[in-house]
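Reading through the structure tokens given below for one structure.
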Amino acid sequence: MRGKYKQVLLLAVVVVVSASMLTSARPSGGSVSGKITYEGTPAKQKPIDMSKEPSCAKQYTTPPTTETVVTGPNNALENVVVYISAGAPDEAAPGKAAVFTQKGCRYLPHVLAFQVNQELNVMNDDQTSHNIHPLAKINREWNKSQPPGSPPIVDKYDKAEMIPVKCNIHPWMHGTFAVLKNSHYAISGEDGSFTLPNLPPGKYTVTAFHESYGDQSQEVTISGSESKTVSFTFKAKPY
Amino acid sequence: MSSTANTPMSLPPRSDLAKGSESGIWIALFAITMSFAAFTSALFIRQASTDWTHIAAPRILFASTAVLLLSSVLIEVSRRGFDGKPASQIKEESEGRMLLAATLVLGLAFVGGQYLAWRELAAQGLYLATNPNSSFFYLLTGVHALHVLGGIAALAYLLAVLAARGSVRRNLVNGVVVYWHFMAALWLYLLVVICVRL
Amino acid sequence: MGKLFGVILAIIALASAYPIVTHMYVQPVDISTHGHAIDEQLADTMAEAGLSFVLAQLLLAFCVWKFSNRKEGAKVYHLRGGARLMVAAAFILVGTEVLALGVLGQKAWAEVYFTAPKPDALQVQAQAGQFAFYFRYPGQDGKFGPLHPDKIDEGNQNYFGLDPANDLESRDDIVTAEMAIPVNREIHLLMHAKDVGHSFYVRELRIQQDFVPGLDLSLHFTATQTGHFEILCTQLCGLGHYNMKAYLNVLSQEDFDKWLKQKASEQ
Amino acid sequence: MEEALKSQDHAHAPAEGFLRKYVFSLDHKVIGKQYYALALAAVFIGMVLSWLMRFHLVWPNAKIPGLELIAKTGAPGGIITPEYYLSLLTMHGTLMVFFVLTNAPFAGFGNYFLPIQIGAEDMAFPRFNMMSFWTTFVAFVVLVTAFFIPDGPPISGWTAYAPLSAIGKDAGPGLGWGQNLWVISIAIFCIGQLLGSLNFIATTLDLRAKGMTLMRMPISTWAWFITSSIGLLAFAVLLPACLLLLLDRMAGTSFFIPSGLVVSDRLQNHAGGSPLLWQHLFWFFGHPEVYIAILPAVGIVSHVLTNSLRKPLLSAKVIIYSMMSIGFLSWMVWGHHMFVSGMNPFSSLLFSFPTLTITIPATIITLIWLGSLYGANIQITTASFFALGFISMFVSGGVSGFFLAQPSIDIYLHATYFVVGHFHMVMGVAAIFAIFSGTYFWFPKMTGRMMNETLGMLHFWITFVGTYCIFMPFHYLGLVGNVRRYASFVDDFMPALMPVHKFITIAALTTGAAQFIFFFNLIHSRFRGKQATANPWRGTSLEWSIPSPPPWNNFGGDHPVVYHDAHQYGVKGSTGDFVMQTSPEQILNE
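Top to bottom, those sequences are chains E, B, D and G.
Numbered according to numbering that gives the first Met the number 0, the first sequence spans residues 0 to 238.
Numbered according to numbering that gives the first Met the number 0, the second sequence spans residues 0 to 197.
Numbered according to numbering that gives the first Met the number 0, the third sequence spans residues 0 to 266.
Numbered according to numbering that gives the first Met the number 0, the fourth sequence spans residues 0 to 589.
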């Protein structure tokens, strides 16, 4: 008798657990998507002369260009961080580490978004020493070198901030850490598009941040599981 | 090879150890001179740069200069008062003692005057880092005031020893007097450096 | 033991001189018009100093060999002439050397520092910053646009802080990471430091000059051979000092013009 | 009555209790030993740092196990970062120049032997003396603390050129609190040296024994006296310079920082300062500092040699006058460190001449030594071998000075390994040879026990040959144009020179390891060494007229009376081939 109860109880637990897993996996609530564009003439992206660092220069047949303003067809603007700056509760950091790689004397990715207290791993895939200097203002600033073959630099930030990152040894290497309070963020792709899924109903402020053009915000109200479209346009100047 | 004389030269015997304090002061004055030479040559080089704004020295400086010079006169009178006595020990009842105390008070007044000068500059919005001239003003007057405070401490020590033991070593008094005069002379030099733009 | 000292010291002295005498380690080929004077001066000094070095060490070795642990009660004696001889020797030997090297040897220095650059010298601006050199050519108008430190934006390759939006002269300025110069033409190098002290050192050019922040110095030289050379920073400037370098390409006038045109198109 | 007077006129009573006897002692002998011990600690750290540097230069990506425990960010995973290499370099230079080369030959031996050699019972100001050591000790602690702060030690070199050293943490790792600690440490060190120098001068002028005229003082005493006069003025310049640097760093003033500097993408809020001003102030101190390191060495070596040769030097007087002229000229040559630093090119020529001229007195001293060897009866001891080795090093380091004194050659050789070879030979190794010589010579007096000569000789031979193997190739590297202060060699011409660097590194590790023989000898002999007599080397100067080790008041309450100078060797005296300074016997003309 008692064994049977046990079995039923076990079954019930399994059902409940798998049901809850299913629901969490299914997209719940609404989403915000859209496209980031620019108007005007953006600054010309120039080829980077890496001759000072031959081990990097020889990895490229044509020199890579700067990435301060990366554009796609139809005035699409890449590398824009879109995130919920108000309306969503702060979230605990995910267990997975955000990875920032230095390869060919460039930062991959150029813009790295991750959450407050999320582990950050900085890797050096090059045969030369790099120096990573995130110019944090609100968070604790650090400035460390990473010789080839040394372990990843592991760190985390405890406050939200857009942090420019530079390599002191290779002045052309610049990138951005976007430290955000919640998991609702996206980085615009080649076509300028982005999607913020899984937004429960509520009133939100959506902010788009670009390293050269600063940020813009819009208010969005989501009810039920609707999908809203929000678009941002940045003004570009040639100089 | 020359031979060396066989008779010991007549040198003062070892008991003159106490002479040290006076020569010590003289030696220290060389070091202080050198330090202030370094400070003021830095000032001269700095004055040559384009962003030099010359600030007017606060009036109070002239009053405190007079105070310091007066104190220098007093301490000299005090020393001469001791001069007539052959003893290497200066006794408590010497009349010079009051003059030493007066010097100490005037010294404190001088430092107080410097403090007022800093207050005056601060009231004009001129702080240590405001501009090169204000930096040097605070620096020179500050370091000099520290040295004067050192002299005041020495005077206080002299007076305390006089009061406690009834007597004090003569050369200690001489050393302090030399130091005090030097502080007055140094101040005159600094005043010129501060007021005049080369 | 004294004999051993003599032998070992003699070996050390001769072994030290060996790489010098056989020219195992010498400065690289000289590609400048003034460098020969420096090289000559260096060679003269090497001859005089090297000789004094070997002689003094051998003398020391000999004396220790000969005069150590002599028999008990061996009579000690003095060098004839004594101190006076030594003082005279020092004054005559070193004094002449000082005068010779000091007076006659300032040719190279004078050539670099006491002559003005020719008016038709090619002006190139070099900026040193942590931890790279960047160079600027004035472009079509022959004028350098003014520098605005607040406009510096390395991510966008605005290393100099130019403001082409407002300064017309800046629009055609050519900024490069390598320095190219035409051969046999005088270069007037304008030196600017962006942050801390650096130095401009090209071994083959026999040129070394510090960049001093706040003090824009200039230098002039002429390269006489084409080639690819390294420009090194020799003033400790921070963590990337060891890796602060750039290349100097000495090109024919033709190649230089082509290069400059190419770079202008990349701006 | 006599006895009462004696004890009364001593500056202090015999020490009682552990603290008073060994820690806060007023006794110049204890203080001298304390300085020496501090220098030993500093030289040990400095040597380990140099090993790490040499190791990193030739095996840049090799892991050094355990290093990450000391330097978590400086050496992640045991691999030295470029900035940590510069930290090592800065700390090596600072420790060696200030805490070894200034402390051991000058403050250490000087404190112990200057009062004894002039027949005094102590320094003129024993309390200042104690303060000067403890101030120096605090400076040492403050400096070493920089290793243990998160930011790490400073990376601006021992010369701390502004604005790199003045801007703050924007300029790089270690330039925040690491650099602050450095500046504070050096400022404190200056205070200690000023107190010490003042004491040396006053003591020499006031406390000489009856009959001890200035010219009867041993050459070592003269060297300390001249050095303290230089130190008094030199440190009086460095102290204000440090104060100005500290104000720039902490109070926002702009003494050394010009306007418009962009560091780490940040426009610095400073205006109108002059970076060259720091260089002038620093080298105005810095060049005399070289002589602060080397003159006591010259004095110690002359003192040891006079004894070992068993005859007087050709002329002690000429050596003394030469040292004085070196001291005097040392104030006019600081600009030779700045030939290519943007100073007016005319002043470069002006600085070049006194620099070349200073070789004349240096040559005179060398020639006097060499000439004195002629006809001598050199006693072979570890002390005399190190003294002879010193002469060799002094010559080697001296001749390379000829190159660097000429601005036109300096254009090519400035900031190359040639310079590194030059100053390590003439100021580093030479001074250290003198310290060794002095140690083997005076150890019996200081401890009452002899050092082991066999170990001493072994130590000498490895050190002597090893030193040449390390520093001679530096000159060759410099001639090719190998730049110094590089954390690793990425230049295209460097692979060809790497074998030389490997050779140097192996020589450095070996020579360094040989120093453990010395450490062992020092400790072993201190406790197990043969008992020393009062005058084991048959010396003439006053330190040999008293027991080994000397009693607390040196002369046991007696006032020594001096009849001769310290160079009465090779004469017929009642005790052998020498006559002590305190011996009243008549010496006949030859």
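Beta carbons: idealized from backbone N, C-alpha and C, even for Gly.
None of the values given here were measured: they were computed from a predicted structure.
Three-way DSSP call (helix, strand, coil) for residue i in this model
{"i": "G:S324", "result": "helix"}
{"i": "D:D38", "result": "helix"}
{"i": "E:T204", "result": "strand"}
{"i": "E:G148", "result": "coil"}
{"i": "D:V111", "result": "helix"}
{"i": "G:N268", "result": "coil"}
{"i": "D:I230", "result": "strand"}
{"i": "G:D169", "result": "helix"}
{"i": "D:D149", "result": "helix"}
{"i": "D:Y158", "result": "coil"}
{"i": "G:G195", "result": "helix"}
{"i": "E:A24", "result": "Caution is warranted here: a pLDDT of 45 is assigned to E:A24, below 50, making its placement in the model unreliable, and no coordinate value can be reported."}
{"i": "E:K95", "result": "coil"}
{"i": "D:K65", "result": "helix"}
{"i": "D:A55", "result": "helix"}
{"i": "B:S166", "result": "strand"}
{"i": "E:P163", "result": "strand"}
{"i": "D:D171", "result": "coil"}
{"i": "E:V31", "result": "strand"}
In DSSP terms, what residue i is bridged to
{"i": "E:Q114", "result": "E:L179"}
{"i": "D:G128", "result": "D:A131"}
{"i": "D:A198", "result": "The question names Ala, yet the displayed sequence has Ser at residue 198 of chain D. According to DSSP, which records beta bridges pairwise, D:S198 is partnered with D:D209."}
{"i": "E:I221", "result": "E:G201"}
{"i": "D:S31", "result": "D:A222"}
{"i": "D:N248", "result": "D:A179, D:H227"}
{"i": "E:Q215", "result": "E:A207"}
{"i": "E:D154", "result": "E:L119"}
{"i": "E:T36", "result": "E:A75, E:T232"}
{"i": "D:M190", "result": "D:A125"}
{"i": "E:R248", "result": "Shown here, chain E extends from 0 to 238; a query on residue 248 of chain E therefore has no answer."}
Assumed close pair residue i, residue j - CB separation to whole angstroms, cut-off 8 Å
{"i": "G:D490", "j": "D:E153", "result": "The pair is not a contact, with the Cβ atoms about 23 Å apart (cut-off 8 Å)."}
{"i": "D:S31", "j": "D:T223", "result": "7 Å"}
{"i": "D:L50", "j": "G:I390", "result": "Not quite, the Cβ-Cβ distance comes to about 18 Å (not below 8 Å), so this is no contact."}
{"i": "G:N552", "j": "G:E120", "result": "5 Å"}
{"i": "E:A112", "j": "E:A177", "result": "4 Å"}
{"i": "G:F224", "j": "G:F199", "result": "7 Å"}
In the region 225–241 of chain G, which residues sit with their C-beta less than 7 Å from some C-beta in chain B, listed in chain order? L231, L232, A235, V236, L238, P239, A240
Could you name each continuous alpha helix (DSSP H) segment of 4 residues or more that falls completely within the region 457–530 of chain G, going from the start of the chain to the end? 497–527
Given a limit of 7 Å on CB to CB distance, which residues of the region 286–315 of chain G reach chain D? So the close ones are R309, K310, L313, S314.
Which residues of the region 225–238 of chain D have a Cβ closer than 9 Å to any Cβ of chain E? Give them in chain order. Taking 9 Å as the Cβ-Cβ cut-off against chain E, the residues of the region 225–238 of chain D that qualify are G237, L238.
Cβ-based contacts, 7 Å cut-off: residues of the region 157–180 of chain G near chain B: Cβ contacts with chain B: none found.
Members of the region 75–105 of chain G near chain E, C-beta cut-off 7 Å: P75, G76, I78, T80, P81, E82
Using a Cβ-Cβ cut-off of less than 8 Å, give me the residues of the region 104–133 of chain D that come near chain G, in sequence order. Against chain G - using a Cβ distance shorter than 8 Å - the residues of the region 104–133 of chain D are G104, Q105, K106, A107, W108, V111, Y112, F113, G128, Q129.
In chain order, what residues of the region 482–511 of chain G put their CB closer than 9 Å to some CB of chain D? V482, R483, R484, Y485, A486, S487, F488, V489, D490, D491, F492, L496, V499
To be precise: take each residue of the region 42–55 of chain E, compare its Cβ to all Cβ atoms of chain D, and keep it if any distance is under 9 Å. Which residues remain? Against chain D - using a Cβ distance shorter than 9 Å - the residues of the region 42–55 of chain E are A42, K43, Q44, K45, P46, I47, D48, M49, S50, K51, E52.
Report the start-end ranges of each alpha helix (DSSP H) in the region 59–116 of chain G that is 4 residues or longer and not cut off at the edges. 66–69, 81–93, 108–116
Residues in the region 392–409 of chain G having any Cβ partner in chain D nearer than 9 Å: V394, S395, G397, V398, S399, G400, F401, F402, A404, Q405, P406, S407, I408, D409
My parser needs the alpha helix (DSSP H) runs of 4 or more residues fully inside the region 217–285 of chain G; what are they? Fully contained in the region 217–285 of chain G are the following alpha helix (DSSP H) runs of length 4 or more, in chain order: 218–249.
For the region 58–74 of chain D, list every residue whose C-beta sits within 7 Å of some C-beta in chain G, in sequence order. L58, L59, C62, V63, F66, S67, N68, R69, A73
Relative to chain D, which residues along the region 132–154 of chain E have a C-beta separation below 7 Å, given in chain order? Residues of the region 132–154 of chain E with a Cβ closer than 7 Å to any Cβ of chain D, in chain order: S144.
Output, in sequence order along the chain, the residues in the region 264–279 of chain G whose CB is closer than 8 Å to any CB in chain E. D264, R265
Going along the region 194–221 of chain G in order, which residues come within less than 9 Å of chain B, judged by CB to CB distance? S196, L197, N198, I200, A201, T202, L204, D205, L206, R207, A208, K209, G210, M211, T212, R215
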